[in-house]
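One structure is given here, and the rest of the page talks about it.
2 protein chains.
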Amino acid sequence: MAKESLSPRFDAEFQSKLEELLFWRRDVRRFRRESLPDGLLARLVGLANLAPSVGLSQPWRFVRVVSPERRLLVLENFEAANAEALADYSGGKAALYARLKLSGLREAPEQLAVFAELAPAAGQGLGRRTMPETLQYSTVCAVHTLWLAARAAGVGLGWVSILDPARIAQDLQVSESWSLVAYLCLGYPQEEHDDPELERHGWQARSHRHADVLTR
Amino acid sequence: MAKESLSPRFDAEFQSKLEELLFWRRDVRRFRRESLPDGLLARLVGLANLAPSVGLSQPWRFVRVVSPERRLLVLENFEAANAEALADYSGGKAALYARLKLSGLREAPEQLAVFAELAPAAGQGLGRRTMPETLQYSTVCAVHTLWLAARAAGVGLGWVSILDPARIAQDLQVSESWSLVAYLCLGYPQEEHDDPELERHGWQARSHRHADVLTR
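Quick note, the sequences are listed as chains A and B, same order. Residue 56 is where the first sequence starts when you use the numbering used here, and the numbers rise one by one after that. Residue 56 is where the second sequence starts when you use the numbering used here, and the numbers rise one by one after that.
Below, the structure written as structure tokens:
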């Protein structure tokens, strides 16, 4: 049954503000220490739960990491992976890499580990027979939904991927069928920027190929 | 340099409209045949290019599939994968699966294959040493950005994953370092719904666990 009358209309003003949000989103690594207001994190996770998922499997699983001991394990995990990554570069590149701030793990008031359940009952396998990685991809859609909702609420989010993901799962004692997709830092940003930190610090310029689409 | 003065403000009205968009997004499989207006697809791809990416690698690669011969190969690919998927179910489940409409490949006026470049020069490896799958995850962020921007512009999008992804890459003759992440159908929807098609047809109900977050 079509429900035309329920169809929302997104006018030019909303579309333009949405573009502004996409342009401004940023990966935030410099957080103020103040807590998020009560209920905000739960609201953001609730919005993430609206993300698209393969076969309606909703395979995302969120773990809020609060214990200082566990946060220290994550920080050590990051620092070890980051030291190994640094060793891959040499000369000026290594010096530049060493100066980059690549996580807000020491300051962010909230940290979320986001896993994909690789054996969900929901969805009954639909849509993932030839592309099982769509479970992780659905989880990424939830992360990205959370990211945009957070930014619209003035909250910064940084995605840390310089980690041993299996060790995160082990240290957080989650189910063996959960696979880490993202480790997120959240909090109010210290600064706002309209350019990415990696561009601002000379690591990588953005490409602006706006309509770089092959045709077949 | 902080640019506080440039910081956009997203007010309660925008946040509420954004929630409406997230709630309403849908995976669309029933398209009207009319073309999209000139320039709209390029605009949407331009917005997708604003998505977050690991190390600013921007690894997404879009292929617009227009040739009837190539579209037929994709349709045949889907139909073969879908027949194999159907064979995994039995009884009432198989009958229900067979009745589901799982792609808009026959009607959608636009089709985009979205690949991840697995050996991008951009980003110089940053952030993906221990989690190389972040290249595909970045590409998913671009797909999801495109999806939200399309819906805000009144355009429907459906993600087809019932496909042999390697055969798509082969049939579209793309670089060997490109890996298929998503095959998308786009066009104006025939109907608008506030519930997912898989839920409406009795395949899978949504979970509404709004704040289902483990604490560690």
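Built from N, CA and C at the ideal position, the CB exists for glycine as well.
So which residues of chain A does residue i contact, with C-beta pairs closer than 8 Å?
i              : result
residue 143(B) : 180, 184
residue 199(B) : 106, 107, 195, 196, 199, 200
residue 78(B)  : 105
residue 90(B)  : Per Cβ cutoff of 8 Å: no residues; residue 90(B) is ~15 Å from chain A at best.
residue 177(B) : 259, 262
Inspect the beta-carbon positions of residue i and residue j and report whether they are closer than 8 Å.
i              : j              : result
residue 245(A) : residue 119(A) : no
residue 179(B) : residue 240(B) : no
residue 216(A) : residue 189(B) : yes
residue 196(B) : residue 195(A) : yes
residue 160(A) : residue 133(A) : yes
residue 65(A)  : residue 96(B)  : no
residue 91(B)  : residue 211(B) : no
residue 88(A)  : residue 206(A) : no
residue 200(B) : residue 103(B) : yes
residue 69(A)  : residue 69(B)  : yes
residue 219(A) : residue 163(A) : no
residue 237(A) : residue 198(A) : yes
residue 312(B) : residue 234(B) : There is no way to answer for residue 312(B), as the model of chain B reaches only from 56 to 271.
What residues of chain B sit near residue i, judged by a beta carbon separation below 8 Å?
i              : result
residue 82(A)  : 107
residue 117(A) : 267, 268, 269
residue 169(A) : What residue 169(A) touches in chain B: nothing, since even the nearest Cβ is about 10 Å away.
residue 136(A) : 184, 185
residue 236(A) : 192
Can you pull the chain A neighbours of residue i, defined as C-beta to C-beta under 7 Å?
i              : result
residue 219(B) : 185
residue 227(B) : 271
residue 75(B)  : 63
residue 125(B) : 271
residue 120(B) : 271
Which residues in chain B sit within 7 Å of residue i, going by Cβ to Cβ distance?
i              : result
residue 110(A) : 253, 259
residue 208(A) : 70
residue 216(A) : 109, 182, 183, 186, 189
Can you give the beta carbon distance from residue i to residue j, rounded, assuming they're within the 8 Å contact cut?
i              : j              : result
residue 254(B) : residue 111(A) : 6 Å
residue 177(A) : residue 99(A)  : Residue 177(A) to residue 99(A), Cβ: 21 Å. No contact.
residue 271(A) : residue 173(B) : The Cβ separation is near 19 Å, so there is no contact.
residue 213(A) : residue 83(A)  : 5 Å
For residue i, which residues in chain A fall below 9 Å Cβ to Cβ?
i              : result
residue 139(B) : 184, 185
residue 224(B) : In chain order: nothing, as chain A lies at least about 11 Å away.
Got a sec? Which residues, its chain only, sit under 8 Å from residue i by beta carbon, not counting five neighbours each side?
i              : result
residue 193(A) : 106, 107, 108, 109, 112, 113, 114, 115, 171
residue 248(A) : 81, 255
residue 156(A) : 84, 85, 252
residue 154(B) : 256
Grouping DSSP H, G and I as helix and E and B as strand, with all else coil, what is residue i?
i              : result
residue 270(A) : strand
residue 69(A)  : helix
residue 181(B) : coil
residue 79(B)  : helix
residue 166(A) : strand
residue 254(A) : helix
residue 57(A)  : Low per-residue confidence applies at residue 57(A): pLDDT is 46, beneath 50, and the placement is therefore not dependable, though the value from the model is reported in the following sentence. Looking at residue 57(A) - three-state DSSP - the assignment turns out to be coil, as it is neither helix nor strand.
residue 243(B) : coil
residue 218(B) : coil
residue 188(B) : coil
residue 172(A) : strand
residue 234(A) : strand
residue 110(B) : helix
residue 95(B)  : helix
residue 212(B) : strand
residue 87(A)  : coil
residue 261(A) : coil
residue 118(A) : strand
residue 125(B) : helix
residue 132(A) : helix
For residue i, go through chain B and note every residue whose CB falls closer than 9 Å to its CB, in chain order.
i              : result
residue 158(A) : Going along chain B, no residue has its Cβ under 9 Å from residue 158(A), so there is no contact; the nearest lies around 10 Å.
residue 204(A) : 70, 73, 74, 77
With a CB to CB cut of under 7 Å and the five nearest residues on each side skipped, what residues in its chain are close to residue i?
i              : result
residue 140(B) : 217
residue 123(B) : none
residue 149(A) : 141
residue 222(A) : 132
Report all residues from its chain with a CB closer than 6 Å to the CB of residue i; omit the five preceding and five following residues, and keep chain order.
i              : result
residue 144(B) : 152
residue 130(B) : 160
residue 72(B)  : none
residue 175(B) : 112, 114
residue 260(A) : 254
residue 60(A)  : Annotation note: pLDDT 49 at residue 60(A) (below 50); position unreliable, no value reported.
residue 252(A) : none
residue 202(B) : 212
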